[in-house]
Amino acid sequence: MDADNISRSSSTYIGKLRSNFLGTKFIIYDTQPPYNGAHVSPPGRSRRFYSKKVSPKVPTGSYNIAQVTYELNVLGTRGPRRMHCVMHSIPASALDAGGSVPGQPELLPRSLEDSFGSISFSKSIDHSTEFSSSRFSDIAGPRDDDGGKERPLVLRNKAPRWHEQLQCWCLNFRGRVTVASVKNFQLIAATQPAAGAPTPSQPTQSEHDKIILQFGKVGKDMFTMDYRYPLSAFQAFAICLSSFDTKLACE
Numbered sequence: 010m011d012a013d014n015i016s017r018s019s020s021t022y023i024g025k026l027r028s029n030f031l032g033t034k035f036i037i038y039d040t041q042p043p044y045n046g047a048h049v050s051p052p053g054r055s056r057r058f059y060s061k062k063v064s065p066k067v068p069t070g071s072y073n074i075a076q077v078t079y080e081l082n083v084l085g086t087r088g089p090r091r092m093h094c095v096m097h098s099i100p101a102s103a104l105d106a107g108g109s110v111p112g113q114p115e116l117l118p119r120s121l122e123d124s125f126g127s128i129s130f131s132k133s134i135d136h137s138t139e140f141s142s143s144r145f146s147d148i149a150g151p152r153d154d155d156g157g158k159e160r161p162l163v164l165r166n167k168a169p170r171w172h173e174q175l176q177c178w179c180l181n182f183r184g185r186v187t188v189a190s191v192k193n194f195q196l197i198a199a200t201q202p203a204a205g206a207p208t209p210s211q212p213t214q215s216e217h218d219k220i221i222l223q224f225g226k227v228g229k230d231m232f233t234m235d236y237r238y239p240l241s242a243f244q245a246f247a248i249c250l251s252s253f254d255t256k257l258a259c260e
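Structure representation (structure tokens):
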């Protein structure tokens, strides 16, 4: 990353996050296409990203690798926002025993328990630690298995619990988040609807309970982000950035 050069023509440019007007839907774009199943933006809808001023040798971040959606929170501002993420570049089977993300570096640990990376950041100070995950920009999206297209991984926010003593909705961040904020969230794998017996691509209930990404406030203008496999640092950071945008239809 180069703080002095954030143009799309820079060799350090890795992607972008785009929001709708209401701030309820976000698309994460990558500069590198997945192996297959890439969602490419039509040139007519994003002309400025196909400008002649941008070198044709440098990707312009037009590959849709994930979508983040915020919904109306029935708990109001007292509870965390309802959100879900569709990770187009990560198959749902990545959470299965022995599962993987196509193209992932072999250096990464396969166990979910051993792959939790974390980063703390603020508007003025960079406190990065244990940045263990490389970016899965070039990882395959849904792939064909047995003639069928594999479903992408879907994440949803973990439901809060009512704390009788504090009289508020709470999530257990195990000390990683210390300040209440509507921006705080935890993401887990969403249960895939199925008719009949579970398919091999459906994670077990224990895998669903494991937090894949959590984000929360620890001080003024300072937040922490914890993520694990199968998310990359780029994907996790982009999802967290979407939490900062104003949600006109949700608040």
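In this text, residue positions in the sequence shown follow the working numbering: the first is 10, and each later residue adds one. The beta carbon of each residue, even a glycine, is placed where N, CA and C say it ideally should be. Small disclaimer: the values here were computed from a predicted structure and weren't measured.
Cα separation between residue i and residue j?
| i | j | result |
| --- | --- | --- |
| K167 | L26 | 23 Å |
| T200 | G228 | 33 Å |
| T33 | Y79 | 5 Å |
| Q41 | A103 | 20 Å |
| Q244 | S109 | 16 Å |
| A247 | D230 | 17 Å |
| S252 | Q174 | 28 Å |
| I99 | I36 | 15 Å |
| D218 | I15 | 37 Å |
| N29 | R183 | 33 Å |
| M92 | A12 | 30 Å |
| E159 | V77 | 20 Å |
| Y22 | A242 | 14 Å |
Here's a check: name, in chain order, each residue in its chain whose Cβ is nearer than 8 Å to the Cβ of residue i, leaving out the five neighbours to either side.
| i | result |
| --- | --- |
| Y38 | G24, K25, L26, R27, S50, G70, S71, Y72, N73 and I74 |
If I measure Cβ to Cβ from residue i and keep anything under 7 Å in the same chain, skipping five residues before and after, which residues do I get?
| i | result |
| --- | --- |
| H172 | C179 |
| K226 | V186, V188, S190, K192, N193 and F232 |
Which partner residues of residue i appear in the DSSP bridge assignment?
| i | result |
| --- | --- |
| V163 | V95 |
| I197 | R165 |
| S28 | F35 |
| G108 | Note: G108 sits in no beta bridge, so no partner. |
| G228 | M231 |
| T78 | K34 and H93 |
What is the C-beta distance between residue i and residue j, in whole angstroms, given that I count them as a contact (C-beta under 8 Å)?
| i | j | result |
| --- | --- | --- |
| P161 | A198 | Contact flag wrong, Cβ pair sits at about 11 Å. |
| I220 | L196 | 7 Å |
| C94 | L31 | Wrong, their Cβ atoms sit about 17 Å apart, outside the cutoff. |
| Y236 | L222 | 5 Å |
Can you give me the Cβ contacts of residue i inside the same chain, cut-off strictly under 6 Å, excluding the 5 residues immediately before and after it?
| i | result |
| --- | --- |
| P249 | Checking the sequence shown, residue 249 turns out to be Cys, not Pro. Within the same chain, C249 has close Cβ partners F224 and M234. |
| M262 | The first residue shown for the chain is 10 and the last is 260, placing residue 262 beyond what the model contains. |
| T255 | G32 |
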